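Trainee:
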Amino acid sequence: MKDNTPKLTKGSPPKAIFSMMVPMVIGLIVIIGNGLVDAYFIGQLGYAQLAAVSYAFPVWFILGGIVMGLGVGTASLASRAIGAGNQGVVREIATHAMILSIVVGLFVIAIGLSTIDVVFGFLGANAETMPYVREYMEVYYWGGIVMAVPMIGNSVMRASGDAKTPSILMATMAITNAVLDPILIFGWFGLPALGVKGAALASVLSNVLFLIASVLILVYRDNLIQFANHSLNSVIESWKKILHVGLPAIASNLIAPLSMALVTALISSYGQEAVAAYGLAGRLEALIVVIIMSLGGAMSPYVGQNFGAKRFDRLEDGFKFAARFTLGYSIFCIIFMYLLAEPLIGLFTSDPEVIRIAKIQLLICPWGYGFLSLAGITNGSFNALGKPMPAMIISISRTLIVYVPMAYLFSALIGIQGVFIAQVAANILAGCVGVVWYKSIFKQLSNEAEFA
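Here it is as structure tokens:
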């Protein structure tokens, strides 16, 4: 007889969390590695081109933040419905979320293409780098809609406990991008050399493949997308529920790239080499923190399913495991960067100023990774519990209220290293506040369930 118990509500909590986390790690490593491949090939064109793509980094986070926010809202509803055993609701939420992602994708393209000069001029792009910024973003923005739909689909798959398929899809997309990069950038096999525009086109084409594969799986394998028997009222009601969690999540996600944009503008005052270093070091940081990023992502469906099933014992055990794992891995990150920061940077550039600044960043920032992970774990848990406001408040406090003002202050006092010290301080605050707040809400919810 088939066991219909939701996947993440049975077995040991560490095993359930790892079952979601490991495929996400693999998928994210490939994607982040692809970003490093981008940096490697673009770096061969010159530091101005590398700086141009680095300017695009905050905007990439804005696009991703919007899509991931919608995914958080979708996954929160879907995981709780799965935990409660209501498959019909899951199917309705998934379908309506995909429609919403198309609308949002079209909006992003329209806004993005009309504001390139204004946005990147604010970020500090000068006459040397702005032409490359335009070349890149005029193509890259068209990937907005083809990125939105499959990312929402991935959120639905993860909410159901399937982390393997989304990771395979993301890895396939990233590998395709990496293969297309040199072909389109340098003009291999008789094609014209497109430079940074080729890097953007490679991203868009790989996202198209991602889109097609995701939709086929959701429609034909999982039977989660059905376009019949949906009234306008039902679509709007689903959108309201998704946005109840999704809008605060989007706000939280957008605060990070906004703060990154302000910090990028600050760093540009140290020269275009500093911007190139900041973008390169950011990509390397993303590669090393992928484990704790994936842990935060895995906690969301785990918490959602177990909360839907009223398994508060598993919620407590899962959180304790995640916190212990974070502590151990953050210590590893500090040691790893101390030993290998400079050799890693040297693989991508020989510019001495870029190497110097990137090394400063990679030696200071790891001291805050563990606390950043705690904030990610608690924020993912808040959203899964249907309580998005604490996550939004913590995100805003960490980035816009603490990090950015402190970065400008410390930069004025001690130079560019002050920017990175400010980041560590902000992460420590966010992690500590997140843990205290989560414990308070968990106690409240468990007491309500006990006396219900």
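To convert, count from 1 in the sequence shown and add 19; that's the working numbering. Where a beta carbon is used, it is the ideal one built from N, C-alpha and C, also for glycine. Computed from a predicted structure; not experimentally measured.
#1: Check the C-beta distance from residue 376 over to residue 293 and give it rounded, since I have them as a contact under 8 Å.
#2: Under 8 Å between the Cβ atoms of residue 223 and residue 158?
#3: When we look at the beta-carbon of residue 200 and count the other beta-carbons within 10 Å, is it buried (16 or more) or exposed?
#4: Taking C-alpha atoms, which residue in 462, 74, 404 and 41 lies nearest to residue 310?
#5: Exposed or buried, residue 20, counting other C-beta atoms within 10 Å across all chains shown (16 or more means buried)?
#6: How long is the line joining the alpha carbons of residue 302 and residue 369, rounded to whole angstroms?
#7: Can you tell me whether DSSP reads residue 250 as helix, strand or coil?
#8: Using the rule of at least 16 other Cβ atoms within 10 Å of the residue's Cβ for burial, across every protein chain shown, is residue 235 buried or exposed?
#9: Quick check on this structure: which residue in 411, 466, 72 and 430 has the alpha carbon closest to the alpha carbon of residue 275?
#10: Taking one C-beta from the region 276-284 and one from the region 352-366 each time, how about it: are there three or more such pairs within less than 8 Å?
#11: Does the count of Cβ pairs from the region 178-198 and the region 119-136 closer than 8 Å reach three?
#12: Indicate whether residue 142 and residue 284 have their beta-carbon atoms separated by less than 8 Å.
#13: Mapping DSSP to helix, strand and coil, what is residue 308?
#14: Please report the straight-line C-alpha distance between residue 329 and residue 407, rounded to a whole angstrom.
#15: Taking DSSP as the reference, what is the three-state secondary structure of residue 211?
#16: Mapping the DSSP letters down to three states, classify residue 287 as helix, strand or coil.
#17: Apart from the five residues just before and just after residue 214, which ones in its own chain have a Cβ nearer than 8 Å to its Cβ?
#18: I need the straight-line Cα distance from residue 344 to residue 145, nearest angstrom please.
#19: My assumption, with CB atoms under 8 Å, is that residue 36 sits in contact with residue 348. Please give the rounded CB distance.
#20: Hey, could you find the ends of the alpha helix (DSSP H) residue 397 is sitting in?
#21: Helix, strand or coil for residue 216? Go by DSSP, reduced to three states.
#22: My understanding is that residue 319 touches residue 399, with C-beta atoms under 8 Å, so please give their C-beta distance in whole angstroms.
#23: Taking the beta carbon of residue 137 as the centre, do at least 16 other beta carbons fall within 10 Å, making it buried, or is it exposed?
#24: Count the other C-beta atoms from every protein chain shown that fall within 10 angstroms of the C-beta of residue 216, then say buried if there are 16 or more, exposed otherwise.
#25: Should residue 210 be labelled buried (16 or more other beta-carbon atoms within 10 Å of its own) or exposed?
#26: Go ahead and pull the three-state DSSP assignment for residue 436.
#27: If you draw a straight line from the alpha carbon of residue 73 to that of residue 332, how long is it in whole angstroms?
#28: Contact defined as beta carbons within less than 8 Å: I believe residue 166 pairs with residue 105. What is the distance between those atoms, to the nearest angstrom?
Mentor: To lay it out plainly:
#1: With 8 Å as the limit, residue 376 and residue 293 qualify as a contact, their Cβ atoms being about 5 Å apart.
#2: Annotated as proximal: residue 223 and residue 158, with beta-carbon spacing under 8 Å.
#3: Under this definition residue 200 is a buried residue.
#4: Of 462, 74, 404 and 41, the residue nearest in Cα terms is 41.
#5: Because residue 20 carries a pLDDT of 38, less than 50, the predicted location of this residue cannot be relied on, and the following value inherits that uncertainty. Burial call: exposed.
#6: The alpha-carbon of residue 302 is positioned some 17 Å away from that of residue 369.
#7: Note: residue 250 maps to coil in three-state DSSP.
#8: With fewer than 16 Cβ atoms within 10 Å of its Cβ, residue 235 is classed as exposed.
#9: Minimum Cα distance to residue 275 is reached at 411.
#10: Fewer than three Cβ pairs drawn from the region 276-284 and the region 352-366 lie within less than 8 Å of each other, which leaves the two stretches out of contact.
#11: The region 178-198, when compared against the region 119-136, does not touch it at the 8 Å Cβ threshold.
#12: In contact: residue 142 and residue 284 (Cβ atoms closer than 8 Å).
#13: In the structure shown, residue 308 sits in coil (DSSP, three-state: anything other than H, G, I, E or B).
#14: Taking the straight line from one Cα to the other gives about 19 Å.
#15: It is coil, neither helix nor strand.
#16: It is helical.
#17: Non-local C-beta neighbours of residue 214 in its own chain, meaning closer than 8 Å and more than five positions away in sequence, comprise 64, 68, 151, 154 and 204, ordered along the chain.
#18: Our two residues, residue 344 and residue 145, have alpha carbons roughly 44 Å apart in a direct line.
#19: No, residue 36 and residue 348 are not in contact; Cβ-Cβ is about 13 Å, not under 8 Å.
#20: 388-403 is the span of the alpha helix (DSSP H), which, as asked, contains residue 397.
#21: Under the three-state reduction of DSSP, residue 216 is assigned to helix.
#22: Between residue 399 and residue 319 the Cβ distance is about 4 Å, and since that is below 8 Å, they are a contact.
#23: Exposed.
#24: Answer is buried; the Cβ neighbour count reaches 16.
#25: It is exposed - the Cβ of residue 210 has fewer than 16 other Cβ atoms within 10 Å.
#26: When DSSP states are grouped into helix, strand and coil, residue 436 belongs to the helix group.
#27: For residue 73 and residue 332, the distance between alpha carbons rounds to 44 Å.
#28: That belief does not hold up - the Cβ atoms of residue 166 and residue 105 are roughly 29 Å apart, past 8 Å.
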